[in-house]
Amino acid sequence: MAPTGPGRDVAIVAFAQSDHRRRTDELSEVELLMPVLHQVLDATGLKTSDIGFTCSGSSDYLAGRAFSFTMALDGVGAWPPISESHVEMDGAWALYEAWVKILTGEADTALVYGYGKSSPGEVRDVLTRQLDPYYVAPLWPDSVSLAALQAQALIDAGDTDETALASIAGRSRAAATANSHAQVRGSRAQGEYVVRPLRTGDCPPIGDGAAAVILAAGDRARDLCARPAWIRGMDHRIEAHSLGVRDLTDSPSTRLAAERAGFFERPVDTAELHAPFTSQEVVLRKALRLGEDVSVNPSGGALAANPVMAAGLLRLGEAAARIHRGDSDRALAHATSGPCLQQNLVAVLEGES
Amino acid sequence: MAGSAATEVLRAPLVVEFPFTRSLGPVQSAFLTGLRERVVLGVRTGDGRVLVPPVEYDPVTAEEIRELVEVAPAGTVTTWAWNPAPRRGQPLERPFAWVLVKLDGADTSLLHALDAPGPDAVHSGMRVRVRWAQDRTGAITDIACFEPDDGGEEAQPCGHSGEFEDAVTGIVAPARLDYTYSPGRAQSAYINALSARKTVGERCPDCRKVYVPPRGACPTCGVATEERVEVGPAGTVTTYCIVNIKAKNLDIEVPYVYAHIALDGAGLALHGRIGGIPYDQVRMGLRVEPVWSEGGRYPDHYRPTGEPDADYETYKELI
Ligand SMILES: [Zn+2]
Chain A
1 MAPTGPGRDV AIVAFAQSDH RRRTDELSEV ELLMPVLHQV LDATGLKTSD IGFTCSGSSD
61 YLAGRAFSFT MALDGVGAWP PISESHVEMD GAWALYEAWV KILTGEADTA LVYGYGKSSP
121 GEVRDVLTRQ LDPYYVAPLW PDSVSLAALQ AQALIDAGDT DETALASIAG RSRAAATANS
181 HAQVRGSRAQ GEYVVRPLRT GDCPPIGDGA AAVILAAGDR ARDLCARPAW IRGMDHRIEA
241 HSLGVRDLTD SPSTRLAAER AGFFERPVDT AELHAPFTSQ EVVLRKALRL GEDVSVNPSG
301 GALAANPVMA AGLLRLGEAA ARIHRGDSDR ALAHATSGPC LQQNLVAVLE GES
Chain B
1 MAGSAATEVL RAPLVVEFPF TRSLGPVQSA FLTGLRERVV LGVRTGDGRV LVPPVEYDPV
61 TAEEIRELVE VAPAGTVTTW AWNPAPRRGQ PLERPFAWVL VKLDGADTSL LHALDAPGPD
121 AVHSGMRVRV RWAQDRTGAI TDIACFEPDD GGEEAQPCGH SGEFEDAVTG IVAPARLDYT
181 YSPGRAQSAY INALSARKTV GERCPDCRKV YVPPRGACPT CGVATEERVE VGPAGTVTTY
241 CIVNIKAKNL DIEVPYVYAH IALDGAGLAL HGRIGGIPYD QVRMGLRVEP VWSEGGRYPD
301 HYRPTGEPDA DYETYKELI
């Protein structure tokens, strides 16, 4: 049995993502996902039968179908039965589950994937179904409207203004020109108000996409990857469901998760933040006390591609890929879920010099 | 037939609709009954704060909280967002502002809509009051919306106890989501072939099994399947069950047999109803063929071909 406990080192050793597109009618979910799975397996030389644990994130409400993840399982060769689990959440939380599984010594390698097709439905309406069913969901407040309430609270608090938000949009989409997978790249007009104070440019694109990573422990990771992205810490926290109870201009759950992940111990050079709306980057920078010296979302972030249920896993993958390439030595990766940054996951990744 | 000719990808509307029926705890019941009676109630936490809308457990300490407090039906906007294009189900059909409102006497804010002429008429800190719905049932929508408070007649709370006759104990929350479903390449090809009364599967390049209906991937090998293979039309019953309960809206007499059928050339069985033979004479190994109804888009049922039963060894791998 392999060593267990917090002493065990676990790393992201491979990352792949699809091209994120407005619609992918010609592909079922498994057809969307499979090339990405093959890419991470090929990168490590592993076969599906070599994987100790498989975990995925997706959403039935997005797919409009019960148990939709079972179809996608065909892509990992799930028969004969494999050690597998699914979270009805972003793949980032699947990665967390897989990390815990490896820490316990139950597995040495894990395949983690997340995917989502927003194109078949109206994602603004779909996301209302995650809200409090008694007091909030019957009003159908869509995801842009809730983010706009948070943006106005930030403007009233003097934390940002529309010009600053526009510059976040511009910087993200300029960064995405170097990311061939991104859906929205290069300069783009801020556009009209979708829900004031948020304009088109402040909102993420709607689209379909998938991402996958492979995790491995200790020497196995060193065998599979020249420069593994070691997970030095990872934690996730949640805030009160009711928006009116929370201070929308802050994200104490992100700060606490970052603290528990060891983020504040030493500076990072890169931060991949899951901020689908420009205003949410303002909140996260404040919560994490990120300085201007940190490269934030060099991939373009969720403003350049936001495949729901994979966008958080993409942040972990993009941060890891920078470490793999030697572009980063210590990176923060963040994923969010729920309205107005309700739930937040933070991981700290490092490369060995 | 073999090959992988380009396929027109199918698309069709898909509506998921469900009336969620939810029961209420004592605090939610009091709050929603209160709205029906034009009374707004909050709940007091251990440290003395008043939460509106109320919850049953303290969001900080997780302690159970039950002390109801009446608050005013008027308050102050803490943040807002102008919604120029209301969506289905939202409180107002004309442009409105989403608002979080801290009602007088409350320490937290309630989300709702504000009826205002335009964004210039809205700001954080503005005074607003509840506009009650004409017909109230004990739901958050009993508040039709908020409206600017022009300083007119003030409805002051009078210390309501939160006790009501005929309290609301549940809500029905209808949900409807609309999709345009597309089954992707592999399943489109399968459905298109069915319209010509052909059953087409896909062969795995690794294990050579033919999957029908195809989903574009081999669940054993985890690789894409692309080579299309026509299977059937006849097949073998590999296993079956006898259905004795009549399904709602299904015009089939019970008992009837539902079976797994391995179509000739297929690597796994699909399922279908067996007809044209008494239910108690269906057996493993029975040879069957599809029966199409006029204009049917898939086989209505399968009936015996009259051939001798298949040998167990020929289908045991497919059970
Ligand atoms: Zn196969």
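Heads up: the sequence lines are chains A and B, in that order. Counting from 1, position 258 in the first sequence corresponds to residue 258 in the UniProt record's numbering; the numbering is continuous, with no gaps. Counting from 1, position 216 in the second sequence corresponds to residue 216 in the UniProt record's numbering; the numbering is continuous, with no gaps. Every residue gets a Cβ at the ideal spot worked out from N, C-alpha and C, and that includes glycine. Predicted, not measured: the structure shown is a model, and the values here were computed from it.
Burial state of residue i, where buried means 16 or more other Cβ atoms lie within 10 Å
i	result
Thr177 (chain A)	exposed
Asn83 (chain B)	buried
Arg266 (chain A)	exposed
Met1 (chain A)	In this prediction, Met1 (chain A) has a pLDDT of 43, which is less than 50 and means its spatial position is unreliable; nothing more can be read from the coordinates.
Asp202 (chain A)	buried
Gln183 (chain A)	buried
Lys316 (chain B)	exposed
Pro339 (chain A)	buried
Tyr135 (chain A)	buried
Gly300 (chain A)	buried
residue 320 (chain B)	Here chain B has residues from 1 to 319 only, and residue 320 (chain B) is not among them.
Tyr61 (chain A)	buried
Ala5 (chain B)	Caution is warranted here: a pLDDT of 47 is assigned to Ala5 (chain B), below 50, making its placement in the model unreliable, and the coordinate value is therefore given only provisionally. It is exposed - the Cβ of Ala5 (chain B) has fewer than 16 other Cβ atoms within 10 Å.
Glu122 (chain B)	Note on residue identity: the sequence assigns Val, not Glu, to residue 122 (chain B). Val122 (chain B) should be labelled buried.
Ala333 (chain A)	buried
Glu318 (chain A)	buried
Lys117 (chain A)	buried
Lys209 (chain B)	buried
Arg315 (chain A)	buried
Ala320 (chain A)	buried
Tyr312 (chain B)	exposed
Thr4 (chain A)	Low confidence applies here, because Thr4 (chain A) scores a pLDDT of 45, under 50, leaving its location unreliable; read the following figure in that light. Counting Cβ neighbours within 10 Å, Thr4 (chain A) comes out exposed, since fewer than 16 surround it.
Ile319 (chain B)	exposed
Gly3 (chain B)	At Gly3 (chain B) the pLDDT is 42, less than 50, meaning the model places this residue with poor confidence and gives no usable figure here.
Gln343 (chain A)	buried
Lys47 (chain A)	exposed
Contact set between residue i and chain B, taken where Cβ atoms lie within less than 9 Å
i	result
Glu31 (chain A)	Gly184, Arg185, Ala186, Arg215, Gly216, Ala217 and Ala224
Pro133 (chain A)	Phe20, Arg22, Ile171, Ala173 and Ala175
Arg129 (chain A)	Ala175 and Leu177
Thr37 (chain A)	Thr is not the amino acid found at residue 37 (chain A); the sequence shown has Leu there. Correct list: Gly222.
Contact set between residue i and chain B, taken where Cβ atoms lie within less than 7 Å
i	result
Arg196 (chain A)	Ala81, Trp82 and Pro119
Ala240 (chain A)	Pro59
residue 439 (chain A)	One cannot answer for residue 439 (chain A) here, as it falls past the ends of chain A, which runs 1 to 353.
Leu243 (chain A)	Leu100 and Leu111
Thr48 (chain A)	Gly222
residue 373 (chain A)	Nothing about residue 373 (chain A) can be read from this structure; chain A reaches only from 1 to 353.
residue 354 (chain A)	The structure shown does not extend to residue 354 (chain A), since chain A is modelled only from 1 to 353, so the question has no answer here.
Ala78 (chain A)	Pro219
Interface partners of residue i on chain A, CB under 9 Å
i	result
Trp98 (chain B)	Leu139, Pro141, Ser145, Leu146, Ala148, Leu149 and Val195
Ala72 (chain B)	Ordered by position in chain A, no residue passes the 9 Å Cβ test against Ala72 (chain B), which lies about 16 Å from the chain.
Leu68 (chain B)	Chain A residues near Leu68 (chain B): none, gap ~15 Å exceeds 9 Å.
Under 7 Å by beta carbon: chain A residues contacting residue i
i	result
Phe164 (chain B)	Per Cβ cutoff of 7 Å: no residues; Phe164 (chain B) is ~17 Å from chain A at best.
Ala269 (chain B)	Under the 7 Å cutoff, chain A gives no residues; its nearest Cβ is about 14 Å from Ala269 (chain B).
Tyr179 (chain B)	Gly64, Pro120 and Gly121
Pro91 (chain B)	Leu139
Ala139 (chain B)	Pro138
Interface partners of residue i on chain B, CB under 8 Å
i	result
Arg124 (chain A)	Arg87
Partner residues on chain A for residue i, Cβ-Cβ distance less than 8 Å
i	result
Asp142 (chain B)	The contacting residues do not exist; Asp142 (chain B) stays about 10 Å from chain A at best.
Ser161 (chain B)	Neighbours of Ser161 (chain B) on chain A: none; closest Cβ ~21 Å, over 8 Å.
Thr108 (chain B)	Ser242, Gly244 and Val245
Checklist entry - Which runs of the beta strand (DSSP E), 3 residues or longer, sit entirely within the region 100 to 178 of chain A? => result As far as the region 100 to 178 of chain A is concerned, its whole beta strand (DSSP E) runs of at least 3 residues are 109 to 117.
Checklist entry - Taking any heavy atom of ligand 1 as the mark, which residues have a C-beta closer than 6 Å to it, listed down the chain? => result The chain-ordered list of residues whose CB is nearer than 6 Å to some heavy atom of ligand 1 reads B:Cys204, B:Asp206, B:Cys207, B:Lys209, B:Cys218, B:Thr220 and B:Cys221.
Item to check | Proximal residues, the region 150 to 169 of chain A versus chain B, C-beta separation under 7 Å | outcome: Cβ contacts with chain B come from Gln152, Ala153 and Asp156.
Item to check | Against chain B: residues of the region 80 to 94 of chain A by CB proximity under 9 Å | outcome: For the region 80 to 94 of chain A, the set of residues with a beta-carbon nearer than 9 Å to any beta-carbon of chain B comprises Pro80, in chain order.
Item to check | 3 or more residues per run - each beta strand (DSSP E) lying fully within the region 236 to 284 of chain B | outcome: Counting only runs of 3 or more, we get 256 to 263 and 270 to 274.
Checklist entry - In chain order, what residues of the region 312 to 337 of chain A put their CB closer than 7 Å to some CB of chain B? => result So nothing in the stretch comes that close.
Checklist entry - Which residues, in order along the region 11 to 34 of chain B, keep a beta-carbon less than 7 Å from a beta-carbon of chain A? => result Along the region 11 to 34 of chain B, going in chain order, the ones with a CB nearer than 7 Å to a CB of chain A are Arg11, Leu14, Val16, Phe20, Arg22 and Gln28.
Checklist entry - Along the region 65 to 76 of chain A, what residues have a CB closer than 9 Å to any CB found in chain B? => result Those would be Arg65, Met71, Ala72, Leu73, Asp74, Gly75 and Val76, in chain order.
Checklist entry - Of the residues that make up the region 102 to 121 of chain A, which ones have a beta carbon closer than 7 Å to any beta carbon in chain B? => result Of all residues in the region 102 to 121 of chain A, Pro120 and Gly121 have a Cβ within less than 7 Å of some Cβ in chain B.
Item to check | Interfacial residues, the region 220 to 235 of chain A to chain B, with Cβ spacing under 7 Å | outcome: Within the region 220 to 235 of chain A, not one residue has a Cβ closer than 7 Å to any Cβ of chain B.
Next on the checklist: Please identify, using Cβ separations under 8 Å, the residues of the region 286 to 302 of chain A that lie next to chain B, in order along the chain.
Outcome noted: If the cut-off is 8 Å between Cβ atoms, the region 286 to 302 of chain A has nothing near chain B.
Item to check | Interfacial residues, the region 50 to 62 of chain A to chain B, with Cβ spacing under 9 Å | outcome: Residues passing the 9 Å Cβ filter: Tyr61.
Next on the checklist: Along the region 44 to 55 of chain B, where does the CB come closer than 8 Å to a CB of chain A? Name the residues.
Outcome noted: Cβ contacts with chain A: Leu51, Val52, Pro53 and Val55.
Item to check | Ordered list of alpha helix (DSSP H) runs contained in the region 156 to 218 of chain B, each at least 4 residues | outcome: As far as the region 156 to 218 of chain B is concerned, its whole alpha helix (DSSP H) runs of at least 4 residues are 184 to 194.
Checklist entry - Taking any Cβ of chain B, which residues in the region 169 to 193 of chain A have a Cβ under 9 Å from it, in chain order? => result Listed in sequence order: Glu192 and Tyr193.
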